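Per my numbering, residue -11 is the first one in the sequence shown, and the count goes up by one each step.
What follows is a single structure, written as structure tokens, with notes after it.
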Amino acid sequence: MDFLNFGIAIFLGALIGMQREFTQQHHHFTRFAGLRTFILITFFGAMLGFLGGGFNSFPVFIGLGGIVLLASLSYVLTFLRFKVTTIITEVTSIISFILGVMCTTGYEKFAIIFGILITAFLAFKEKLHGIVKKLDRKELFGMIKFAIISLVILPLLPNKNFSPIDIPGLGEILKNFGLKGEFLSQLNIFNFYNIWLMVILVAGLSFFGYFLVKILDSKKSHGLTGFIGGLVSSTAVTLSMSKESKRKSKVSPYALATIIAMSIMFLRIIFEIAVINPSLLENLFLPLIAMFGVGMFFSFYFLKKKEKKFNAKEIDFRQPFALGPALKFGFFFLLVLLVSKIGQIIFGSLGIYGASILSGLANVDAITLSMSSLSKDGEIAPVVASTSILFAVISNTLVKMGIAFFMGSKKFGKIIVGIFTLILIIGLGILFFI
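Next up, the structure:
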């Protein structure tokens, strides 16, 4: 096992060293550390960690001090000779030493993850700078505000369920409207930590898709636009492509983007369920993955057809980290939870199904997360949660079919309605037989 750990240290040193040497060759000057030096640095760290018997040992501290001294001397000499102010290689050498120590002190798994991530960050320098250049001030400050609110507020929120009578003042107000305390106590679904966590989860998915739009040139591909749109808003893609289909004679490119966006929505639902309550996937994985597969099958058909370029920026993707939309989703999620719980108390499972259908008309994420959460807490049966999510998917798909049929061209509407209907039939058929 010790030999394997030393091998991991050498591998990480080689990986980082190759990236650094590649960069130096393209900038036509040599820093103090290249491929061989980085291998020796990580090996040196691994050896001191092994001999010292731990991360906090005296040999490790002496070795770290020596690496810091060498890196500092290298920076001064490089600046005097080349007038270069960047300190990336020197900092990377110090981190590489620490990674080497981690390999032989019980943290080798973290060392592998961190080493690969560091190499990726170094290799994608131009891409990362390009992303920053494409950001505007509103997007940057939106990200910063959301990050502060999430990281500071989330740990402070109580992670337990409340009912309205547990919230000071609210219980008395509701009782004045004739609501009984016994009924209110059953509405113990107010977990502010979980509610905000759901907001972060959905915003994170949208964030990933939104910045793919910024990074990638999606104007060149309807398929890429559909993929990104499925992460951000498949409804927005359907609406935009429906309008475009009326302006242009060819409908295949717009059908392609719409179908892919719809297909990615199924993967998005699978991801959300897997994060909150993976046990629900026992019933839902096959229907959802089948609907995804059918959608992608038709996508490949339309992908083969020639298309002209179009402007993907016509699709209105709202900034996902703006605080207003995040709070609105949190309120909508809480509303879905509340309506579903009241429906269950009054009408049983039928009440939950009705709430799912109604919420699915506007948003499928809220019902997916709320049903997953309620099922995980034992408030509803897994089969009820699974059925409710599928009802929401059906109602949401019907909305998209209506948008395509009434707002798109006649041919576009027929294609989307036909394919989406087939997707639903196959998904429901598989659910019925499993």
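From the three backbone atoms N, C-alpha and C, an ideal C-beta is built for every residue, glycine too.
Since we're looking at a predicted model, the values are computed, not measured.
Exercise for review: Return the chain-ordered list of same chain residues with a C-beta closer than 6 Å to the C-beta of S344, the five sequence neighbours on each side being excluded.
Suggested key: Taking the sequence shown and counting its residues from 1, one reaches residue 344 at position 356. I355, S376, F379, A380.
**Study point:** Reference K71; option with closest CA among I257, G390, Y63
**Key:** Within the sequence shown, numbered from 1, the residue matching residue 71 stands at position 83. Of the candidates I257, G390, Y63, the one whose C-alpha sits nearest the C-alpha of K71 is Y63.
Point to revise | Where F150 sits in the DSSP three-state scheme | key: By 1-based counting over the sequence shown, the position of residue 150 is 162. In the structure shown, F150 sits in a strand (DSSP, three-state: E or B).
Check your understanding: Opposite F31 in the DSSP bridges: which residues?
Key -> Position 43 of the sequence shown, counting from 1, holds the residue named residue 31. Looking at the DSSP assignment, F31 forms no beta bridge with any residue, so it has no partner.
Check your understanding: Roughly how many whole angstroms lie between the Cα atoms of A350 and T107?
Key -> Here residue 350 corresponds to residue number 362 of the sequence shown, with the count starting at 1. Here residue 107 corresponds to residue number 119 of the sequence shown, with the count starting at 1. Each residue's alpha carbon lies about 42 Å from the other.
**Study point:** Residues of its chain near G339, where Cβ-Cβ distance is below 6 Å and the 5 sequence neighbours each way are ignored
**Key:** Residue mapping note: residue 339 aligns to position 351 of the sequence shown, counting from 1. Excluding positions up to five away in sequence, the list reads G331, Q332.
Exercise for review: Run the CB neighbour count on D124, radius 10 Å, all protein chains shown included, and call it buried at 16 or more, exposed below.
Suggested key: Locating residue 124 in the sequence shown gives position 136, counting from the first residue. Label assigned to D124: exposed.
Check your understanding: Counting Cβ pairs closer than 8 Å, one from the stretch 231 to 251 and one from the stretch 265 to 272, do we hit at least three?
Key -> no
**Study point:** Beta-carbon proximity list for Y95, same chain, < 8 Å, skipping 5 on both sides
**Key:** Taking the first residue of the sequence shown as position 1, residue 95 is located at position 107. Answer for Y95: F43, listed in chain order.
Check your understanding: Do A(-3) and F32 have their C-beta atoms closer together than 7 Å?
Key -> The residue you call residue -3 lines up with position 9 of the sequence shown. The residue you call residue 32 lines up with position 44 of the sequence shown. Cβ atoms of A(-3) and F32: not closer than 7 Å.
Check your understanding: With DSSP run on the structure shown, which of helix, strand or coil describes F43?
Key -> Position 55 of the sequence shown, counting from 1, holds the residue named residue 43. Looking at F43 - three-state DSSP - the assignment turns out to be coil, as it is neither helix nor strand.
Review point. If G283 sits next to I247, beta carbons under 8 Å apart, how far is it from one beta carbon to the other, in whole angstroms?
Key: Taking the sequence shown and counting its residues from 1, the one referred to as residue 283 is at position 295. Taking the sequence shown and counting its residues from 1, the one referred to as residue 247 is at position 259. Between I247 and G283 the Cβ distance is about 5 Å, and since that is below 8 Å, they are a contact.
Check your understanding: DSSP beta-bridge partners for F178?
Key -> Position 190 of the sequence shown holds residue 178. According to DSSP, F178 bridges with F150.
Point to revise | F400 versus K388 - alpha carbon distance | key: Translated into positions along the sequence shown, residue 400 becomes position 412. Translated into positions along the sequence shown, residue 388 becomes position 400. One C-alpha to the other measures close to 12 Å.
Check your understanding: What three-state label does DSSP hand Y242 in the structure shown?
Key -> As a first step, residue 242 is located in the sequence shown; it is residue number 254 there, counting from the start. Y242 falls in the helix class under three-state DSSP.
**Study point:** P146 burial status per 10 Å Cβ neighbour count (16 or more: buried)
**Key:** Working through the sequence shown from its first residue, we reach residue 146 at position 158. That one is exposed.
**Study point:** For D353, the first and last residue of its enclosing alpha helix (DSSP H)
**Key:** Sequence index remark: in the sequence shown, residue 353 carries index 365 (1-based). Run containing D353: 352 to 364, per the alpha helix (DSSP H) assignment.
Practice item. Whole angstroms is fine: what's the gap from S237's alpha carbon to G396's? Key: On the sequence shown, residue 237 is found 249 positions in, with the first residue counted as 1. On the sequence shown, residue 396 is found 408 positions in, with the first residue counted as 1. Approximately 12 Å, taken between the alpha carbons.
Point to revise | Cα-Cα separation between F259 and T66, rounded to whole angstroms | key: The sequence position of residue 259 within the sequence shown is 271, counting from 1. The sequence position of residue 66 within the sequence shown is 78, counting from 1. So the alpha carbons of these two residues sit roughly 48 Å apart.
Practice item. Give me the Cα-Cα distance between I40 and A59, rounded to the nearest whole angstrom. Key: Counted from its first residue, the sequence shown places residue 40 at position 52. Counted from its first residue, the sequence shown places residue 59 at position 71. Inspection of the sequence shows that residue 40 is occupied by Gly rather than by Ile. Going by the C-alpha atoms only, they are around 23 Å apart.
Review point. Cα separation between P47 and M6?
Key: By one-based count along the sequence shown, residue 47 stands at place 59. By one-based count along the sequence shown, residue 6 stands at place 18. If you take the alpha carbons of P47 and M6, they lie about 27 Å apart.
Check your understanding: In angstroms, rounded to a whole number, what distance separates the CA positions of R24 and E9?
Key -> Locating residue 24 in the sequence shown gives position 36, where the first residue counts as 1. Locating residue 9 in the sequence shown gives position 21, where the first residue counts as 1. R24 and E9: Cα-Cα distance of roughly 9 Å.
Check your understanding: For the alpha helix (DSSP H) that contains L272, what are its first and last residues?
Key -> Along the sequence shown, read from residue 1 onward, the residue named residue 272 stands at position 284. 269 to 291 is the span of the alpha helix (DSSP H), which, as asked, contains L272.
Point to revise | For G94, three-class secondary structure by DSSP | key: The residue labelled residue 94 in the question sits at position 106 within the sequence shown. Correct three-state label for G94: coil.
Review point. Since G130 and L3 are thought to touch, with beta carbons under 8 Å apart, how far apart are those beta carbons, to the nearest angstrom?
Key: If you number the sequence shown from 1, residue 130 lands on position 142. If you number the sequence shown from 1, residue 3 lands on position 15. Actually they do not touch by this definition, with Cβ atoms about 35 Å apart.
Review point. Counting along the chain, where does the alpha helix (DSSP H) carrying T73 start and finish?
Key: By one-based count along the sequence shown, residue 73 stands at place 85. That residue, T73, is in no alpha helix (DSSP H); it is neither H nor E in DSSP.
Point to revise | Beta-carbon proximity list for T93, same chain, < 7 Å, skipping 5 on both sides | key: As a working note, residue 93 is residue 105 in the sequence shown. Cβ within range, chain order: G37, G42, F43.
Review point. Just the Cα atoms here: how many angstroms apart are F288 and L323?
Key: The residue labelled residue 288 in the question sits at position 300 within the sequence shown. The residue labelled residue 323 in the question sits at position 335 within the sequence shown. For F288 and L323, the distance between alpha carbons rounds to 39 Å.
Point to revise | Coarse secondary structure for E367, derived from DSSP in three states | key: For the purposes of this step, residue 367 is taken as the residue at position 379 of the sequence shown. If DSSP states are grouped into helix, strand and coil, E367 belongs with coil.
Review point. DSSP state of S233, grouped into three classes?
Key: Here the question's residue 233 lines up with position 245 in the sequence shown. Looking at S233 - three-state DSSP - the assignment turns out to be helix.
Check your understanding: Which residues bound the alpha helix (DSSP H) around L145?
Key -> Within the sequence shown, the letter at position 157 stands for residue 145. Segment: none, L145 is in no alpha helix (DSSP H) and carries neither H nor E.
Review point. Considering S221, what are the terminal residues of the alpha helix (DSSP H) in which it resides?
Key: Position 233 of the sequence shown holds residue 221. Unbroken run through S221: none, as it is neither H nor E.
Exercise for review: Tell whether a beta-carbon distance below 7 Å holds between I82 and I55.
Suggested key: Start at 1 with the first residue of the sequence shown, and residue 82 comes out as number 94. Start at 1 with the first residue of the sequence shown, and residue 55 comes out as number 67. Yes, these two residues count as a Cβ contact at 7 Å.
Point to revise | alpha helix (DSSP H) segment containing F112, residue limits | key: Here residue 112 corresponds to residue number 124 of the sequence shown, with the count starting at 1. That residue, F112, is in no alpha helix (DSSP H); it is neither H nor E in DSSP.
Review point. Among I382, L346, I101, which residue has its Cα nearest to the Cα of F321?
Key: Position 333 of the sequence shown, counted from the start, is the residue given in the question as residue 321. It is L346 whose Cα lies nearest to the Cα of F321.
**Study point:** Neighbourhood of S251 by C-beta distance below 6 Å, restricted to the same chain and skipping five residues each side
**Key:** The residue given as residue 251 occupies position 263 in the sequence shown. Only F280, G283, M284 meet the Cβ criterion.
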